[in-house]
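One structure is given here, and the rest of the page talks about it.
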Amino acid sequence: MTLRIADRVVVFDYGEVISLEPSATDRAQLVAVAGVDEAAFWPSYWRHRDGLDRGTISVAEYWRLVADETGAEWSASTVQRLWARDFTSWISVEPGTIDLIAELHAGGTRVALLSNAGFDFAGPFRFSPMAQFFERMFVSAEMDAIKPDPAIYLEVADGLGISPAQMVFIDNKKINTDAAAELGATVHHYVHVDGLRQFLTALAN
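If you want my numbering, it's the 1-based position in the sequence shown plus 3.
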């Protein structure tokens, strides 16, 4: 099966669109490695995520900040285990989204990725099997902004040689799709892969 959306570039978010949301088991295992109270861990985990995604702090610096705030004293091996457990929890796949991306590519539709993610995700994105379907992969840590800053969508459009109006943008966070829509992009707030298929099929021609 193929899907052709002419004269547009379909730009996908990664987390919880292409990947699945980390499971309760994933989260519990990460907290177990951290060895700190869950109520202290998660606020700190999210508080410094923007810095990681902007590329202004390294992975090691990120975990150091979390340790400082939670009172943890992690060995080098524990920090590596935390990174590995966290990283792998975001590498899971929503099969239906991957298949839709493959159908778009097979139909001649231009496809790109825009993810708020650290430098450590850039290689796995670009060397994974799904990379064959993407014209470009934009990783926020390599850019000057993170979603929903309008600048990041404009940088993506410029990199793809299109206007924002020629972008079809898909993201699981409404604040991100709203920001792209304000620039003229056609957007879809992702909730479930069935809704995404209906949206893309309606645009196909």
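Glycine residues also receive a C-beta, built at the ideal position from the N, C-alpha and C atoms.
Please read these numbers as outputs of a predicted model, since none were measured by experiment.
Helix, strand or coil at residue i [DSSP, three-state]
i: A116; result: The sequence given here places Leu at residue 116; Ala does not occur at that position. Of the three classes helix, strand and coil, the one that applies to L116 here is strand, per DSSP.
i: T5; result: coil
i: R30; result: helix
i: F137; result: coil
i: V20; result: coil
i: V194; result: coil
i: V14; result: strand
i: V36; result: helix
Sequence-distant residues of the same chain with beta carbon closer than 7 Å to residue i, five excluded per side
i: I149; result: D53, D56, R57, N119, S143 and I155
i: G110; result: T5, L6 and R7
Close beta carbons around residue i, own chain, < 6 Å, minus the five adjacent residues each side
i: D147; result: none
i: P151; result: I178, N179 and A182
i: M4; result: E106
Opening and closing residue of the alpha helix (DSSP H) in which residue i lies
i: D174; result: Run containing D174: none in the alpha helix (DSSP H); it sits in the beta strand (DSSP E), M170 to D174.
i: V159; result: P153 to L163
i: P127; result: A125 to F130
i: I178; result: K177 to E185
Option in the options with minimal Cα separation from residue i
i: R11; options: T91, F90 and L107; result: L107
i: D89; options: I101, A63, G99 and H192; result: A63
i: L157; options: N208, A42, V14 and Y48; result: V14
i: Q169; options: D102, K176 and V190; result: V190
Contacting residues, own chain, Cβ-Cβ under 8 Å from residue i (five flanking each side not counted)
i: A241; result: Only positions 4 to 208 of the chain appear in the structure, and residue 241 is not among them; the question remains open.
Problem - Length-filtered (4 minimum) alpha helix (DSSP H) runs lying within the stretch 49 to 115 - result: The qualifying runs are 52 to 57, 62 to 73, 79 to 92 and 98 to 109.
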